[in-house]
Structures are given as C-alpha cells and as structure tokens.
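Here is the structure we will look at, set down as structure tokens.
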Amino acid sequence: MYRTAIASLNPRFRVLLQLLPTSSPKLEIFAMAERIGSQKFVSSFYTSAISKPMSYFLCKSNVLGNYSVRALGPISNNLGFIRNPKPLPLRFMSTSSNQQSFAVSYLINSLGFSPQTAVSASKYLNFETPEKPDKAIEFFKDYGFTQTQISRVFKKCPGLLLSDREKTILPKLEFFESKGLSGPELAKVVSGFPYILRNSLAKQIVPSYEFFSNLFQSEEKAILTVKRCPDIICRNVEKYVAPNITTLREHGVPASNIATLLHYQPKAFMISMDRFREIVEEVERMGFNASKMKFLLAVFAFRAMSKQTWESKVDAFKKWGWSDEEISIAFERNPWCMMASEDKIMACMDFFTNKMGWSPCRVANRPVLLTLSLKKRVIPRCSLFQVLLSKGLVEKEVSLAALLETSEEKFLKKFVKCYKEEAPELLKLYKEKMDLSKG
C-alpha cells in the first residue's frame, strides 16, 4: 500500500526508491512531496501496512516550502549518503506550511498579487501575523507611494517586506531626499527600480552619486541622471563607467560631449570596457568626427543593439531599394535613424513610398523622417497636405523639412492658417486627425 503514496510524488525520488534492496524495510526513503502538505501523500501513509506510527518515519526538511520524508530504520549500504535523522513529531510538519499559506493569502489580499506571483514571493518570506508587513506597507504610504507603487516594490523585492526599515530603507530614502529627489518623483524612481534599496548606502550609492556629481560639477545633473537610469547608481562605476569615459577621451571626444551623453543616455556606458572600445573604434572607422556630438550618438546606436539586430535593420532598408552607401550616408547624417525598430522602418517606408509617392532615395536623403512619430506627426500632417494637394493649393514636390520637421507653430502657419479662406475646414480636419492619434 505504501507504493500508492509514492505514485503522487516526484518521479526522480521513485527512481531512488528502486535502488533499495528487497531485504530493506518497506520504506527507506519516501521522497520529497511535490506540494506542501500533500493530502494524497498523508492519506496513503496512514492507510499503508506500515506498523510504525507516522511520526517515526518523518523528518522535517524545509527547502523553500517542500519536505523531504525519510525512514528511520536501517539504511542500506547502497544509500550510504543518507543518515538516520532524529524523529520529529508530525505536528511540526505544519509550521512552515502554515507560514507560507498565510504569506500567500496576505500578498494576494493586501498587495494585489496574483496567486502565482504570491506563491513565488512567499518562498522568500516567513511570517504568520500581519503586524510586520502591515508596518512596511504603512511606511511606504507615509512616503507618498501609491498602492500600485507599493505593490510593485514588493513584487520585485519581496524581502523588503520584512526588512529593518529604520536601518536599511529609511537612510537611503533620506539620502535621496537630501539631494532633491522627494515626493512623487522619489516614489516613481524607487518603485521603478526598488533594487536600489538593497544596495549599501555607504559602499555603493554614495560613492556612485559622488562620482557623477564630480563629473558633472552639478548635483542637479547627477540626480537627474539617477532619475533617468536608477540602476546606474547601483553599478560599479570604476569597472564600467570610468574606463569607458577614458576610452572616449583617448579618441578625442570632448569632456562636455561625454558629460552630455552620460547625462541623457547613461545606459550607453553600462557595458564591458572591451565591447565599448570595439564600438568606439567601429564608429571611428565609419568616418565620424570625434569632436562632434554625432560621434557619440553613433556610439549609443551601436551600443543599444546587437550585431544581429543591426544587420536586420540594414536588410529592412535594402528591401526598399536602399544601397549600402545610402544606408551608410543616412546613418552618418542622423545616427538616430537606426534606433527605429524594424517594424517602424517598414511601416514608415510603406507610408512614404506607397501612400505619399515619395521615392526611397528621397527618404534616404532625409533620415530624420524615420525618427518622427508616424501616428502623431507624419500621418496627420500628410493627410492635411493631401487635402491641399487635391484642391490645387500646393505643389506635389513639397519640402519635406517644412512639412514634417518644423515645429507645430510653423507648420500651422505655413499649411493651415494661410489657407483659411480657400479651405476653412483644414484646422478642424487637422485637429480631428490629432485627436485620433491620441486615442
């Protein structure tokens, strides 16, 4: 009958059971239950023909909520690595199970976790009463975190729910407040990257912050950089950022340009020194001038994608008739054009060539067009232009810069307001198109 219980357990332990010689007691090792408090397992154990009481055979071994179940009888030489544990009363078997069950229920009801997320997070938690986690939630509420932000913090870092807030969390929040990051902004940064609260204030956060503050010669820029990319303050700046800054300086990049890139795109520096040097040398071979900002934009573009992704985008342009030379020239004119996704490249080229009738070569000469929002700028403006064209109010060969690259104010002045008598419906039509783009 004892094999009935085994049938519900992990298969790899059934194999272990088969190693026992037939002369051994019926149960040398039972296995690890798949789930906590397996009813099928317990029920089968009670109904088996084993003469010893259940507490004689069971020992507690809590590993993230599972139990190993072993016999206390003589051990076969074939399984000599197993030693007879001291018997543990069955009543202790439910302790960890109850704790995990309570934690799962708490996470679902108090923090809105899904059952699956709650079970996963409960592996790192051990509490049977709501007192401590309630205080943790209240602590973040007092700091202005919304319920959604609080839930996000504990989903990513469940251990913070039971941490010593006065020693590990409060000093870090106070540090950021002292640097001008507070209220909703602080809540947004921390909830977006709560791992920052797990880093040492003295050994990691403060030294990293001081590094950026000294580099920028501005605490305001340092804290803005942290807001844009909170994880950069948790990285080893001496291992990643500093060597990569040195590489740029060695290639003649001005300090002011380096600071600008680090301020606006700090992730560009979060890469190994060897890979970063490869990218810089590749950009240099392409003919970019290291003294210009485009050099760093090209570095960032290469840094932001794998070689495979780069090649896929090149292939996408070639599908629309672009030559290698045109792709190279477009990238030199506006490195940001290669930051567009492959889907966006295809969508933009389809609209420009098939809807507007512009040649691929014409678009290649204005690569900035690929960086504009198709939905929010290109389509609304081009729709209005087609109305003007249908009324004979404009020529087909329009300046793409004037149509798509100018500010909203200049666009309205050139293509809407000056035609209010010939086409009074233009402004209304344009506003409708803009409203649709926001939907």
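For what it's worth, this note's numbering labels the leading residue of the sequence shown as 1, then goes sequentially.
Cβ coordinates follow ideal geometry from the N, Cα and C atoms, glycine included.
The structure displayed is predicted, hence computed values, not measured ones.
*Please look up how many angstroms separate the CB atoms of Ala364 and Glu326, rounded, as I've assumed it's under 8 angstroms.*
4 angstroms
*asked:* Between the alpha carbons of Asn244 and Phe276, how many angstroms are there, rounded?
replied: 7 angstroms
*Run through DSSP, which three-state label would Pro424 get?*
DSSP, read as helix, strand or coil, puts Pro424 in coil.
*Looking only at C-alpha atoms, which of Met273, Pro360 and Gly144 sits nearest to Lys188?*
For the set Met273, Pro360 and Gly144, the Cα lying nearest the Cα of Lys188 is the one of Gly144.
*For the region 119–179, list the alpha helix (DSSP H) runs that are entirely contained and at least 4 residues long, ordered along the chain.*
131–142, 147–156 and 170–178
*Using the C-alpha atoms, what's the distance from Phe139 back to Arg249?*
45 angstroms
_Nonlocal neighbours in the same chain, by C-beta distance under 8 angstroms from Lys344, ignoring five residues either side_ = Leu370 and Leu374
*Excluding five sequence neighbours on each side, which residues of the same chain lie with their C-beta closer than 7 angstroms to the C-beta of Thr129?*
none
_Cα-Cα separation between Leu160 and Phe269, rounded to whole angstroms_ = 29 angstroms
_Inter-residue CB distance, Glu422 and Lys396 (contact presumed, cutoff 8 angstroms)_ = About 17 angstroms separates the two Cβ atoms, so there is no contact after all.
*If you check the beta carbons only, do Ile279 and Phe295 fall under 8 angstroms apart?*
Result no, Cβ atoms of Ile279 and Phe295 do not sit closer than 8 angstroms.
*asked:* Buried or exposed, going by whether 16 or more other CB atoms sit within 10 Å of the CB of Lys420?
replied: exposed
*For Ala298, which residues from the same chain have a beta carbon less than 6 angstroms from its beta carbon, with the 5 sequence-adjacent residues on both sides left out?*
Val283, Phe288 and Pro335
_Buried or exposed for Arg285, going by 16 or more other Cβ atoms inside 10 Å?_
exposed
*asked:* Using a Cβ-Cβ cutoff of less than 7 angstroms, which residues in the same chain neighbour Lys119 once the five nearest sequence positions on both sides are dropped?
replied: A small fix is needed here, since residue 119 is Val in this sequence, not Lys. Here the set comprises Val104.
*By Cβ distance below 6 angstroms, which residues in the same chain neighbour Gly321 in space, the five residues on each side in sequence not counted?*
Pro360
*Tell whether a beta-carbon distance below 8 angstroms holds between Val190 and Val153.*
yes
*Locate the alpha helix (DSSP H) running through Leu388, then write down its first and last residues.*
Ile379 to Ser390
*Do the region 158–175 and the region 211–228 meet, that is, are 3 or more Cβ pairs less than 8 angstroms apart?*
no
_alpha helix (DSSP H) segment containing Cys337, residue limits_ = Here Cys337 belongs to no alpha helix (DSSP H), and DSSP marks it neither H nor E.
*In the structure shown, what three-state DSSP assignment does Met32 receive?*
Per-residue confidence for Met32 stands at a pLDDT of 35, beneath the threshold of 50, marking its modelled position as unreliable; no derived number is given.
*From what residue to what residue does the alpha helix (DSSP H) around Arg285 run?*
Met273 to Arg285
*Near Val247, what residues of its chain come up, given a Cβ to Cβ distance below 8 angstroms and the 5 sequence neighbours on each side ignored?*
Reading off the sequence shown, one finds Thr at residue 247, where the question assumed Val. These residues qualify, in order along the chain: Met273, Phe276, Arg277 and Val280.
_Among the candidates Ala340, Phe385 and Lys319, whose CA atom is the shortest distance from the CA of Lys417?_
Comparing C-alpha distances from Lys417 to each of Ala340, Phe385 and Lys319 shows the shortest one belongs to Phe385.
_Helix, strand or coil for Leu261? Go by DSSP, reduced to three states._
helix
*State the start and end residues of the unbroken alpha helix (DSSP H) segment that holds Cys361.*
Taken as a continuous stretch (DSSP letters only), the alpha helix (DSSP H) holding Cys361 covers Pro360 to Ala364.
*Let me know if Pro380 comes out buried or exposed under the rule of 16 or more other beta-carbons within 10 Å of its beta-carbon.*
buried
*Compare the Cα-Cα distances from Lys179 to each of Ile258, Lys221 and Cys234 and report the closest residue.*
Comparing Cα positions, the closest option is Lys221.
_Is the separation between the beta-carbon of Lys155 and that of Phe113 shorter than 8 angstroms?_
yes
*Specify, as a first and last residue, the run of the alpha helix (DSSP H) that Asp231 falls within.*
From DSSP, Asp231 is part of no alpha helix (DSSP H); its letter is neither H nor E.
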